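J.: Residue numbers (the numbering used here): 686 to 1077.
The structure's right below; bear with me while I get my questions together.
So this is what it looks like as structure tokens:
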């Protein structure tokens, strides 16, 4: 029997009908609630009273026509009354989207940005079940380089508007997040990064080149809920703008293949539309994680989703990319050796001071040792910085 597109055939431990009857989606990644949405595929279902959760915004109960526009891994998209679009989330995967509209400060900050927020919906236990949007038209955002770069610029502007709500670097949670995904996938790769202090967390917005729409001849992002695999494998976290940028870059690379120059341009366009500290040399430094650790994050997230939905082509592409990571990590390991040279220099300066105080060395010998130690420290630090891989 053909499974519906929203069903995670690669990890599900039961059939769709069994899961709906049980109210639980059990998978090899974990489990979550699966609710019976089928009544909403007909007009009658919208007028039925629901005795749980919260209806917010402009909820609609008088529905005369329901047309199914698409069914994907993310949701079922319906056209109501020829003027309203509804997204149905079969499984509970959080309320990242509705919070953008329901939390007034965020909603005000995003009001002038190129992002189409839902105008109403139904949420249960902190999870969006149905999201309602004004009528819009799907748009192509990857038809050429200029179209993608325009969306990169818009992404930067969206995140910049949320800068007042940013939270400090939470590298421990970000590294735990990678560890959880790696553990669920049982990958052979592992990456932990210190991250720069200027790298801050932002309210989570899931943006995609596959979720771009046109409203009044203007292209806008349509925010998505987090993917099912992300919800099952790791905690909901605030991530930096760079993380979202690398997800967009990764999508573009998977479709078109990107050169080093194109990756550089992506970072430059984004850098011009976000606060300067977010794209500083320290923030983009590969030895601190920078863009490369978030490219890794984007890849393992896509790999998890591809395995969940048994997309073998994507699985193969992601695993091939991960093989290249080992080379980069080997280079970073060598850099850590050069980094240790700084401590050799500092130790030498301390030793030269004490041997001078104890008269073990003559003043001239102590000074020579201090100069040599300082030279070692400065030289190894220069090599360390020079060999830091470019962020693109």
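Cβ coordinates follow ideal geometry from the N, Cα and C atoms, glycine included.
All figures in this text were calculated on a predicted structure; none of them were measured in a lab.
(1) By Cβ distance below 7 angstroms, which residues in the same chain neighbour residue 749 in space, the five residues on each side in sequence not counted?
(2) Three-state secondary structure (DSSP) at residue 788?
(3) Between the Cα of residue 890 and the Cα atoms of 704, 949 and 911, which residue gives the shortest distance?
(4) Using a Cβ-Cβ cut-off of 6 angstroms (strictly less than) and excluding sequence neighbours within five positions of residue 934, which residues of its own chain qualify?
(5) My understanding is that residue 893 touches residue 918, with C-beta atoms under 8 angstroms, so please give their C-beta distance in whole angstroms.
(6) Taking 8 angstroms as the cut-off, decide whether the C-beta atoms of residue 992 and residue 870 are in contact.
(7) So, with DSSP's three-state summary, where would you put residue 813?
(8) Quick check: what's the CA-CA separation for residue 980 versus residue 730?
(9) Looking only at DSSP bridge pairs, what is residue 891 linked to?
(10) Closer than 7 angstroms by C-beta to residue 994: which residues in its own chain qualify, once you throw out the five before and the five after it? Chain order, please.
(11) Do the segment 807-816 and the segment 767-783 meet, that is, are 3 or more Cβ pairs less than 8 angstroms apart?
(12) How should residue 814 be labelled, buried or exposed, when 16 other C-beta atoms within 10 angstroms of its C-beta is the threshold for buried?
(13) With residue 899 and residue 831 assumed to form a contact (beta carbons below 8 angstroms), what rounded beta-carbon distance in angstroms separates them?
(14) At what residues does the beta strand (DSSP E) containing residue 709 begin and finish?
(15) DSSP on residue 779, reduced to helix/strand/coil?
(16) With DSSP as the reference, please indicate the residues paired to residue 942 in a beta bridge.
(17) Please classify residue 998: does DSSP put it in a helix, a strand, or coil?
(18) Check each candidate in 716, 706, 955 and 687 and name the one with the smallest Cα separation from residue 697.
(19) To the nearest angstrom, report how far apart residue 724 and residue 754 are at their CA atoms.
(20) With DSSP as the reference, identify every bridge partner of residue 807, one or two as the case may be.
(21) State buried or exposed for residue 915, treating a residue as buried only when at least 16 other CB atoms are found within 10 Å of its CB.
(22) Any idea if residue 1091 is buried or exposed, counting beta-carbon neighbours within 10 angstroms, 16 or more meaning buried?
(23) Taking contact to mean at least 3 C-beta pairs separated by less than 8 angstroms, is the segment 938-948 in contact with the segment 846-859?
(24) Going by CA-CA distance only, name the one from 982, 769, 887 and 946 that's closest to residue 849.
(25) Using the Cα positions of residue 706 and residue 712, report the straight-line distance between them to the nearest angstrom.
T.: In this structure, then:
(1) Here residue 749 corresponds to residue number 64 of the chain shown, with the count starting at 1. Here the set comprises 728 and 766.
(2) Position 103 of the chain shown holds residue 788. In the structure shown, residue 788 sits in coil (DSSP, three-state: anything other than H, G, I, E or B).
(3) Indexing the chain shown from 1 puts residue 890 at position 205. Ranking the options by Cα distance to residue 890, first place goes to 911.
(4) Position 249 of the chain shown, counted from the first residue, corresponds to residue 934. Closer than 6 angstroms at Cβ, skipping near neighbours: 951.
(5) Here residue 893 refers to the residue found at position 208 when the chain shown is read from its first residue. Here residue 918 refers to the residue found at position 233 when the chain shown is read from its first residue. Wrong, their Cβ atoms sit about 19 angstroms apart, outside the cutoff.
(6) Start at 1 with the first residue of the chain shown, and residue 992 comes out as number 307. Start at 1 with the first residue of the chain shown, and residue 870 comes out as number 185. Contact flag set, yes.
(7) By one-based count along the chain shown, residue 813 stands at place 128. Three-state result, residue 813: strand.
(8) Residue mapping note: residue 980 aligns to position 295 of the chain shown, counting from 1. Residue mapping note: residue 730 aligns to position 45 of the chain shown, counting from 1. Distance between the alpha carbons of residue 980 and residue 730: 42 angstroms.
(9) Translated into positions along the chain shown, residue 891 becomes position 206. DSSP output for residue 891 lists 909 as bridge partner(s).
(10) Locating residue 994 in the chain shown gives position 309, where the first residue counts as 1. Once the five neighbours on either side are set aside, the close Cβ partners of residue 994 are 693, 694, 695 and 758.
(11) yes
(12) Here residue 814 refers to the residue found at position 129 when the chain shown is read from its first residue. Residue 814 comes out buried.
(13) Counting from one through the chain shown, the residue named residue 899 turns up at place 214. Counting from one through the chain shown, the residue named residue 831 turns up at place 146. With 8 angstroms as the limit, residue 899 and residue 831 do not qualify as a contact, their Cβ atoms being about 16 angstroms apart.
(14) In the chain shown, counting from the first residue as 1, residue 709 sits at position 24. Unbroken beta strand (DSSP E) run through residue 709: 709-712.
(15) As a first step, residue 779 is located in the chain shown; it is residue number 94 there, counting from the start. Of the three classes helix, strand and coil, the one that applies to residue 779 here is coil, per DSSP.
(16) Walking along the chain shown from the start, residue 942 turns up at place 257. DSSP lists no partner for residue 942.
(17) As a working mapping, residue 998 is identified with position 313 in the chain shown. Residue state, collapsed to three classes: helix.
(18) Here residue 697 refers to the residue found at position 12 of the chain shown. Comparing Cα positions, the closest option is 716.
(19) In the chain shown, residue 724 corresponds to position 39, counting from 1. In the chain shown, residue 754 corresponds to position 69, counting from 1. Near 16 angstroms, if we compare the C-alpha coordinates of residue 754 and residue 724.
(20) Counting from one through the chain shown, the residue named residue 807 turns up at place 122. 740 and 815.
(21) Position 230 of the chain shown, counted from the first residue, corresponds to residue 915. Result: buried.
(22) It is not possible to answer for residue 1091, since the shown part of the chain is limited to 686 through 1077.
(23) no
(24) On the chain shown, residue 849 is found 164 positions in, with the first residue counted as 1. Checking every option, the nearest Cα to that of residue 849 belongs to 887.
(25) As a position in the chain shown, residue 706 is number 21, starting the count at 1. As a position in the chain shown, residue 712 is number 27, starting the count at 1. If I take the Cα positions, the gap works out to 16 angstroms.
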